[in-house]
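Offset between the first sequence (1-based) and the numbering used here: plus 71.
Below: one structure, written as structure tokens.
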Amino acid sequence: MPELPEVETIVRGLRPRLEGRTLSRVIVRRPDLRIPFPENFSRRLEGRTVTRLDRRAKYIVARLSGGTALIVHLGMSGQWVIHDGRPAEPPGPHDHVEFTLDDGTTLVYRDVRRFGLMTLALQADLAEHPLLRDLGPEPLGNAFNGPSLSAALRGRRTPIKAALLDQHTVAGLGNIYVCEALFRAGISPRRAAASVAGRRAERLAPAIKGILNEAIEAGGSTLRDYVQASGELGYFQHRFAVYGREGESCAGCDCGGAIQRIVQSGRSTFFCSRRQR
DNA sequence: ACGAGAACCTGTTTGC
DNA sequence: TGCAAACAGGTTCTCG
72 MPELPEVETI VRGLRPRLEG RTLSRVIVRR PDLRIPFPEN FSRRLEGRTV TRLDRRAKYI
132 VARLSGGTAL IVHLGMSGQW VIHDGRPAEP PGPHDHVEFT LDDGTTLVYR DVRRFGLMTL
192 ALQADLAEHP LLRDLGPEPL GNAFNGPSLS AALRGRRTPI KAALLDQHTV AGLGNIYVCE
252 ALFRAGISPR RAAASVAGRR AERLAPAIKG ILNEAIEAGG STLRDYVQAS GELGYFQHRF
312 AVYGREGESC AGCDCGGAIQ RIVQSGRSTF FCSRRQR
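Here it is, written out as structure tokens:
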């Protein structure tokens with residue numbers, strides 16, 4: 072479900088409710104999500120205080136007292152539901168984990184498709200953790216820019232669409248924002264990644280930053296089941312230029328083209344073949 | 001090594 | 001109306 076702007080919005084919503092709070096009780100209702108829960112998951116968390124909540128790519132990382140870190144990925148359908156007090160019983164069929172805080176609030180992790188994951192690590196090992204160590208640069212950071220994107224694309228024959236979905240190239244983009252960024256940069260999703268290195272990468276990097284910043288400002292995009300931790304809906308979906316707009320006329324310019332939908336490596340791509348070359 | 005496609009899972013929408 | 005196929009914001013494994 073969520074891409075970088077949605078995860079960032081969720082982290083910003085959770086941070087003030089979690090940082091400084093102690094996990095008084097952790098209930099896990101099944102053995103696994105995408106991967107098994109670690110041994111003694113609840114016991115290793117209960118009694119710990121959350122010292123810091125961060126986002127890395129589409130991962131949420133909570134640092135806890137005692138040197139442990141909780142790593143969470145929301146997959147396609149993961150969401151956090153905040154209850155001021157105990158949630159209603161019985162839990163919903165997709166409410167897999169329940170964190171009760173020392174202020175009495177409860178955070179429920181709900182994930183219909185179970186593509187999400189939760190695992191534990193030592194804070195000291197986070198940079199070398201297998202889930203995190205190979206991720207590309209944060210697109211909103213200074214290390215990501217035209218030259219660095221160009222270098223990452225050089226020599227790659229895969230379509231630029233696939234290269235941007237690859238979290239090694241740049242971390243945090245998903246299907247929606249890749250489509251939107253390529254539209255904004257005027258680059259065809261079918262173009263070989265290597266041919267974007269150079270001048271086109273100089274357009275693409277700022278397009279990616281712009282789209283992501285605007286989406287964060289709008290609280291992310293709500294299509295199906297994404298909600299902020301507070302339960303509010305994002306509204307960036309109203310600003311999509313191409314995503315989900317197959318057949319509509321290309322907006323924002325007078326090229327006269329229509330938005331097309333094609334499938335690339337099994338996923339829908341939306342683009343305007345007149346404007347994007 | 002690299003890229004395409006399948007697999008993981010459930011719910012909703014689309015099409016015959 | 002009913003059922004089956006297609007589709008959904010992600011990641012990872014296998015196969016060629």
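For every residue, glycine included, the Cβ atom is placed at its ideal position computed from N, Cα and C.
In DSSP terms, what residue i is bridged to
i: E169; result: I98, V179
i: L141; result: A133, L191
i: G149; result: D182
Coil, strand or helix - residue i by DSSP
i: F341; result: strand
i: P218; result: helix
i: D196; result: helix
i: A263; result: strand
First and last residue of the uninterrupted beta strand (DSSP E) at residue i
i: V121; result: 121-127
For residue i, the first and last residue of its enclosing alpha helix (DSSP H)
i: V82; result: 75-89
i: F112; result: 112-116
Report yes or no: do the stretch 170-182 and the stretch 143-159 share at least 3 C-beta pairs separated by less than 8 angstroms?
A contact exists between the stretch 170-182 and the stretch 143-159.
Mind pulling the beta strand (DSSP E) runs of 3 or more residues that sit fully within the stretch 274-335?
330-335
Answer yes if the stretch 99-118 comes into contact with the stretch 203-218, meaning at least three C-beta pairs across the two stretches below 8 angstroms, and no otherwise.
no
Do three or more CB pairs link the stretch 104-116 to the stretch 78-92 at distances below 8 angstroms?
no
Counting only runs of 4+ residues fully inside the stretch 202-256, write out the alpha helix (DSSP H) ranges in chain order.
Runs found: 217-224, 231-236, 246-256.
For the 8 angstroms Cβ check, are there 3 or more pairs between the stretch 276-283 and the stretch 242-256?
yes
Hey, is the stretch 222-242 in contact with the stretch 264-273, meaning 3+ C-beta pairs nearer than 8 angstroms?
yes
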